[in-house]
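Asker:
Numbering (mature numbering (1 follows the signal peptide of the UniProt record, and there is no 0)), first residue to last: -19 to -1, 1 to 695.
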């Protein structure tokens, strides 16, 4: 699925941006109203750059690529800064916030010539103007408004021109339209100055854009870190492990859970637990995999997967695996733990858990078996052996640890709970090549045929189909999440055993069939985005396709009620104009970000347990706007005790209900009815209000699936 992602770096430098260096478009404005919270930094940068020679300006802009350092300018004490990934939103800590990739870097295959494909040129994302604005440019506008001060251009082509050489992407959209005051970079400028193709005004503008972020985040006010030798150890971590663990647990999504006692999650101190799958335990070597940006070795990883690859790869000091975490639980409970940490294990031979003729560490059994690797793992091959065994805590019930031959079926048949771990692997340089894995699905069905309390845990990027086993009554629970970082195993165990609440929501629609998705990997030099804005839930809604799990979905241990939904205008005068009239500022015209409509309702926990709900707001446009059936325009998360209610308010900005008018090249309000849905997911409306935009709005209380109107008349 196509997703725009962002990250934070200390500066985002990218090569080859001078395709239109002599253009007058995209120059910084000195108007403080247009610069917003960048205004003070602009004045400091202007005074600083005025002291520099052209050579010094160029040394600040260049002297490195996207992963190296800018040059110091000692004459005026300009300190070189490094370009490293950091966490979004860290401007206040002295880290310059940036985003990538700008724009339309929507797959990895052929992003550069020959990467995963056979073309001799990077693919071109061919996208119409309406789709660019309403879908792919949309999050960057919010990022610029929030203080994003650096941008990295994408590696592919956009509408036939490489993004880093594309005047529309480098100047017109970010600088002119979004008011982006931050930096781009280029490494060859001397010749341009000499022959006049690069003007002095443009050079000054580029230098100031590189300096403004330095002042914006306060690096001139004592925020700049002291220098240290690269080999010097410095402990910079706070209690990050606890934070990572909590975030991981809370981000898991509960897709299925049994209503029967002693089945599903949370577990109630089972006496015999079995875990299955390569994803349950560590890879044969670790914790880190080899760094690379040319893709992964397969769609699954033979070990517990906690991060993506390439630029998304974590530098791990350790990995908490489900095997380790569940082992600790079973020891404390006096229970027994069995494991087969392989996706295709069978006990057809008498290898006996031997690796190169020696007993495998951690085994405690007396039986035969061999490993048959799927050949798709991103980690080291496990052909030489497989981790399997049992025996933690108390004695087994019915059979001893040495009398059960290891196999999926044998272990499953004697267990009170069977936990199957699945992953799928993709990252920088490699797209998903499958939406399900046959070996993994066979493992699940084999285990579920013998174990009436089978729990499936999935960690993946993007959607993963599960039609092979999701309706199996012996599959009692499904937990679904992304890559959870170094505390992954502990986070999963916290949810399995009831110490944490799975309060995440699906960020992709889970379909019933792979053919239901509108977009597949493009192997051609030209990739036409014919689906327009209709991706993910927008596509499924437009074509009325039945889905397995909708966007925004999750189950809960309790129940919630939405009531007293009402809509009101907070700025009726703003509705009188079809187009925004404000000045150009950070993110676009200033009044695009004015709140003009308010949606209020009451959210109540009507169950007997405490729980967390993510309330979601969707909008349906008038037909004249040519929009998807509905679009997400807000979400808020609430933790409520049993029988407790809270008032929820969503503020709607003008931009949230505008569409891109291509002929006018501006954001417009449509004439007609706007309908707002409060919901727990994209397909489960708890209440709706449809309002009349007339220059003034009418509102009244409505209950579940009641209606009021807002209509815009010409």
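In this text, a Cβ means the ideal position worked out from N, Cα and C, and glycines have one as well.
Do residue 598 and residue 574 have their C-beta atoms within less than 8 angstroms of each other?
Answerer: Contact flag unset, no.
Asker: Taking only three categories from DSSP, how would you classify residue 3?
Answerer: For residue 3, the predicted model reports a pLDDT of 34, less than 50, meaning its position is unreliable and no value from the coordinates is stated.
Asker: So, for residue 645: in the same chain, excluding its five sequence neighbours on each side, which residues have a beta-carbon less than 8 angstroms away from its beta-carbon?
Answerer: The residues are 560.
Asker: Under the rule that 16 or more other beta-carbon atoms within 10 Å means buried, what is residue 509, buried or exposed?
Answerer: Label assigned to residue 509: exposed.
Asker: With DSSP run on the structure shown, which of helix, strand or coil describes residue 19?
Answerer: Note: residue 19 maps to helix in three-state DSSP.
Asker: Report buried or exposed for residue 31, applying the criterion of at least 16 other Cβ atoms within 10 angstroms of its Cβ.
Answerer: It is exposed - the Cβ of residue 31 has fewer than 16 other Cβ atoms within 10 Å.
Asker: Taking residue 460 as the reference, which of 466, 482 and 454 has the closest Cα?
Answerer: That would be 482, whose Cα lies nearest to the Cα of residue 460.
Asker: Just tell me which of 633, 265 and 438 has its CA closest to the CA of residue 256.
Answerer: Cα-wise, what sits closest to residue 256 is 438.
Asker: Is it buried or exposed for residue 76, if we count other Cβ within 10 angstroms and need 16 for buried?
Answerer: Looking at its Cβ environment, which holds 16 or more other Cβ atoms inside 10 Å, residue 76 is buried.
Asker: Leaving aside the five residues before and after residue 446 along the sequence, list all residues of the same chain whose C-beta is less than 6 angstroms from its C-beta, in chain order.
Answerer: Once the five neighbours on either side are set aside, the close Cβ partners of residue 446 are 416 and 417.
Asker: Who are residue 270's beta bridge partners in DSSP?
Answerer: BP columns for residue 270 are empty, so no partner.
Asker: Using the rule of at least 16 other Cβ atoms within 10 Å of the residue's Cβ for burial, across every protein chain shown, is residue 643 buried or exposed?
Answerer: Under this definition residue 643 is an exposed residue.
Asker: Can you tell me where the beta strand (DSSP E) holding residue 156 begins and where it ends?
Answerer: No beta strand (DSSP E) contains residue 156, which DSSP labels as neither H nor E.
Asker: Between residue 391 and residue 429, what straight-line distance do the alpha-carbon atoms span, to the nearest angstrom?
Answerer: When rounded, the distance between both Cα atoms is 12 angstroms.
Asker: Under 8 angstroms, do residue 583 and residue 618 count as touching if we go by C-beta distance?
Answerer: No. Outside cutoff.
Asker: Specify the secondary structure class of residue 547 as computed by DSSP and reduced to three states.
Answerer: Here residue 547 sits in strand by DSSP.
Asker: Does the Cβ of residue 454 have 16 or more other Cβ atoms within 10 Å, making it buried, or fewer, making it exposed?
Answerer: Exposed: under 16 other Cβ atoms inside 10 Å.
Asker: Just list the residues that DSSP pairs residue 294 with in beta bridges.
Answerer: Answer is none; residue 294 lacks a bridge partner.
Asker: Measure the Cβ-Cβ separation of residue 609 and residue 522 and say whether it is below 8 angstroms.
Answerer: Yes, they are a contact pair.
Asker: How should residue 543 be labelled, buried or exposed, when 16 other C-beta atoms within 10 angstroms of its C-beta is the threshold for buried?
Answerer: It is buried - the Cβ of residue 543 has at least 16 other Cβ atoms within 10 Å.
Asker: Does DSSP put residue 252 in a helix, a strand or coil?
Answerer: In this structure, residue 252 counts as coil in the three-state DSSP scheme.
Asker: When the Cα atoms are used, what is the spatial distance from residue 518 to residue 615?
Answerer: Distance between the alpha carbons of residue 518 and residue 615 is about 15 angstroms.
Asker: Rounding to the nearest angstrom, what Cα-Cα distance links residue 35 and residue 179 in this structure?
Answerer: Cα to Cα, residue 35 sits roughly 12 angstroms from residue 179.
Asker: Using a Cβ-Cβ cut-off of 7 angstroms (strictly less than) and excluding sequence neighbours within five positions of residue 555, which residues of its own chain qualify?
Answerer: Taken in chain order, the residues that qualify are 572, 575, 577 and 635.
Asker: Go ahead and pull the three-state DSSP assignment for residue 27.
Answerer: Three-state DSSP puts residue 27 in a helix.
Asker: To test your reading of the DSSP string, which unbroken alpha helix (DSSP H) runs of 4 or more residues are found completely within the stretch 617 to 651?
Answerer: Fully enclosed alpha helix (DSSP H) runs of 4 or longer: not present.
Asker: Near residue 94, which residues of its chain fall below 8 angstroms by C-beta distance, leaving aside the five closest residues on each side in sequence?
Answerer: Excluding positions up to five away in sequence, the list reads 100, 101, 102 and 103.
Asker: Looking only at its chain, what residues have a beta carbon closer than 6 angstroms to the beta carbon of residue 421, apart from the 5 residues adjacent to it on each side?
Answerer: Closer than 6 angstroms at Cβ, skipping near neighbours: 324 and 403.
Asker: Nearest to residue 396 by alpha carbon, out of 79, 80 and 435?
Answerer: When only C-alpha atoms are compared, the closest one is 435.
Asker: Should residue 224 be labelled buried (16 or more other beta-carbon atoms within 10 Å of its own) or exposed?
Answerer: Result: exposed.
Asker: Can you look up residue 474 in the DSSP assignment and give me helix, strand or coil?
Answerer: It is helical.
Asker: Candidates 499, 162, 588 and 88: which alpha carbon is nearest residue 21's?
Answerer: If we check each option's Cα against that of residue 21, 162 comes out closest.
Asker: Taking just the CA atoms, how far does residue 284 sit from residue 318?
Answerer: About 18 angstroms.
Asker: Any contact between the stretch 464 to 482 and the stretch 306 to 314? By contact I mean 3 or more CB pairs, one from each, below 8 angstroms.
Answerer: Yes, since at least three Cβ pairs between the stretch 464 to 482 and the stretch 306 to 314 fall closer than 8 angstroms, the two stretches touch.
Asker: Could you tell me the alpha carbon to alpha carbon distance between residue 220 and residue 464, rounded to whole angstroms?
Answerer: Straight-line Cα distance between these residues: approximately 20 angstroms.
Asker: When you compare only the Cα positions, how much space is there between residue 247 and residue 485?
Answerer: So the two alpha carbons sit approximately 16 angstroms from each other.
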